[in-house]
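Enquirer: In the working numbering, the protein residues as written are 30 to 374.
Mind having a look at this structure? Questions to follow.
Here it is in structure tokens:
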């Protein structure tokens, strides 16, 4: 794909998300989501490979179905109430349809099956866009309509997502699939807090985006497609190995790192609301996620691949990918914990 066409497609992708985020009319929000979907289809299918074509088809079908549900939900609501305003209360059938549509758009369990498959069929860069930028538009719709959506349904979907994200990632050897299940687990945590405190939801989303950016950039620079590939990261750059190790541990939510902030605040808030059993199960599921992050960090930092003296080490070649963009997200995803009181203000 030529750089000009690629830039036009990326601009359309950004425009679609921004239209959805800034609209208060259901039709404009739908138009933004459609622009977003249609822009990413050519990006997914650039590889000219059966896997990428399959991924693009799966992505198109699920997102088109979700967009149709959003349109149908807003039309039935406008038919009953006479209002197209997103912030106005929804009728009962409309909010059920909208909940299903937004869960499908995000990849929340039990509507998550498309996400690992699509990400596995894409390139690393496309997988990075799907797990980060593509979550912003549906999350902004959840933020705007949260007063009209069912709290118990979101709590249940959040719990289910965190369990599926933990269990699903255990048996994976492909880094893209591991990141897909990681995404499902993190979205579960966001879904549980969305109906209780939206400011923690926004903070969790921002921290998740930064941490995922840091990990994906590490994987892109080191060209690590499987767990086995991560064993040779040290030959490329010892600094990158340390950044990758800390970013993965942060994504797992270990205390001295940034990833602990959202888990800590969500657990505290849910305990205040007396959801003790729910938060116990979610904390247990986050241990499952932590296991596969630890497995990745172990292979990255503590395992040496069986090299011979004739091996051409990666560090002998000038890196093709720019490492400039990783500095900011890596720093934020490691050192932000002391700033928690300022974030809360």
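Glycine included, each C-beta is placed from N, C-alpha and C at the ideal position.
All values derive from a computational prediction rather than experimental measurement.
Tell whether a beta-carbon distance below 8 angstroms holds between residue 202 and residue 274.
Expert: No, the pair does not count as a contact, with Cβ atoms beyond the cut-off.
Enquirer: Who are the near neighbours of residue 286 in its chain, counting only those whose CB is closer than 7 angstroms to its CB and skipping five residues on each side?
Expert: Cβ neighbours of residue 286 beyond the five flanking positions: 275, 278, 279, 363 and 366.
Enquirer: With H, G and I counted as helix, E and B as strand and the rest as coil, what does DSSP make of residue 82?
Expert: The answer is helix: DSSP assigns residue 82 an H, G or I state.
Enquirer: If you run the structure through DSSP and keep just helix, strand and coil, what is residue 92?
Expert: It is helical.
Enquirer: Use the C-beta contact count for residue 257: other C-beta atoms within 10 angstroms, 16 or more gives buried, fewer gives exposed.
Expert: The residue in question, residue 257, is exposed, as its Cβ has fewer than 16 Cβ neighbours within 10 Å.
Enquirer: Can you tell which of 272, 188, 320 and 163 has its C-alpha closest to the C-alpha of residue 240?
Expert: Answer by Cα proximity: 272.
Enquirer: Return the first residue and the last residue of the alpha helix (DSSP H) that residue 161 is part of.
Expert: Unbroken run through residue 161: none, as it is neither H nor E.
Enquirer: Report the rounded CA-to-CA distance for residue 369 versus residue 327, giving the unit in angstroms.
Expert: Between residue 369 and residue 327, the C-alpha separation is close to 29 angstroms.
Enquirer: For residue 217, does the count of other Cβ atoms within 10 angstroms reach 16, so buried, or fall short, so exposed?
Expert: Flag for residue 217 reads buried.
Enquirer: Classify residue 120 as helix, strand or coil using the three-state DSSP reduction.
Expert: DSSP places residue 120 in coil when its eight states are reduced to three.
Enquirer: How about the stretch 155-170 and the stretch 242-259: do they share at least three Cβ pairs that are nearer than 8 angstroms?
Expert: With a cut-off of 8 angstroms, the stretch 242-259 and the stretch 155-170 count as touching, because enough Cβ pairs lie within range.
Enquirer: Please report how far the alpha carbon of residue 237 lies from the alpha carbon of residue 120, in whole angstroms.
Expert: Their Cα atoms are separated by approximately 32 angstroms.
Enquirer: Quick one: measure Cβ to Cβ for residue 282 and residue 315, integer angstroms, because I've assumed they're closer than 8 angstroms.
Expert: Contact flag correct, Cβ pair sits at about 6 angstroms.
Enquirer: What residue from 250, 131, 306 and 53 has the CA that sits closest to residue 112's CA?
Expert: Looking at the Cα atoms, 53 is the closest of the given residues.
Enquirer: Using the C-alpha atoms, what's the distance from residue 37 back to residue 114?
Expert: If I take the Cα positions, the gap works out to 30 angstroms.
Enquirer: Roughly how many whole angstroms lie between the Cα atoms of residue 66 and residue 302?
Expert: Their Cα atoms are separated by approximately 37 angstroms.
Enquirer: Out of curiosity, what's the CA-to-CA distance linking residue 179 and residue 96?
Expert: If I take the Cα positions, the gap works out to 20 angstroms.
Enquirer: Considering only residues of the stretch 270-345, which uninterrupted alpha helix (DSSP H) runs meet the minimum length of 4 residues and lie entirely inside it, listed in chain order?
Expert: Counting only runs of 4 or more, we get 289-301 and 305-330.
Enquirer: Is there contact between the stretch 178-195 and the stretch 58-76, where contact requires at least three CB pairs shorter than 8 angstroms?
Expert: No, the stretch 178-195 is not in contact with the stretch 58-76.
Enquirer: Can you grab the Cα-Cα spacing for the pair residue 296 / residue 196, in whole Å?
Expert: Answer to the nearest angstrom: the Cα atoms are 20 angstroms apart.
Enquirer: Since residue 71 is in the alpha helix (DSSP H), which residue starts that stretch and which ends it?
Expert: Start and end: 55-73.
Enquirer: Between which residues of its own chain and residue 399 is the CB-CB distance below 7 angstroms, once the five residues before and five after are set aside?
Expert: The displayed coordinates of the chain run from 30 to 374. Any statement about residue 399 would go beyond what the structure contains.
Enquirer: Taking the alpha-carbon positions, what's the residue 123 to residue 102 distance?
Expert: Each residue's Cα considered, the two are about 4 angstroms apart.
Enquirer: Taking a contact to mean a Cβ-Cβ separation below 8 angstroms, would you say residue 166 touches residue 352 in this structure?
Expert: Against a cut-off of 8 angstroms, the Cβ pair of residue 352 and residue 166 comes out as no contact.
Enquirer: Closest to residue 145 by CA distance: which of 360, 79 and 210 is it?
Expert: The candidate whose alpha carbon is nearest that of residue 145 is 210.
Enquirer: Are the Cβ atoms of residue 247 and residue 230 separated by less than 8 angstroms?
Expert: It is not a contact, given that the beta carbons lie outside the stated cut-off.
Enquirer: Between which two residues does the alpha helix (DSSP H) containing residue 246 stretch?
Expert: First-last of the alpha helix (DSSP H) with residue 246: 227-251.
Enquirer: Alpha carbon to alpha carbon, how far is residue 134 from residue 164? Give it in angstroms, no decimals.
Expert: C-alpha separation (whole angstroms): 8 angstroms.
Enquirer: How many whole angstroms separate the CB atoms of residue 126 and residue 98, which I take to be in contact at a CB cut-off of 8 angstroms?
Expert: The Cβ separation is near 5 angstroms, so the contact holds.
Enquirer: Ordered along the chain, which non-local residues of its own chain (more than five positions away) have a Cβ less than 7 angstroms from that of residue 150?
Expert: Counting only Cβ-Cβ distances below 7 angstroms, and skipping sequence neighbours, we find 80, 81, 83 and 84.
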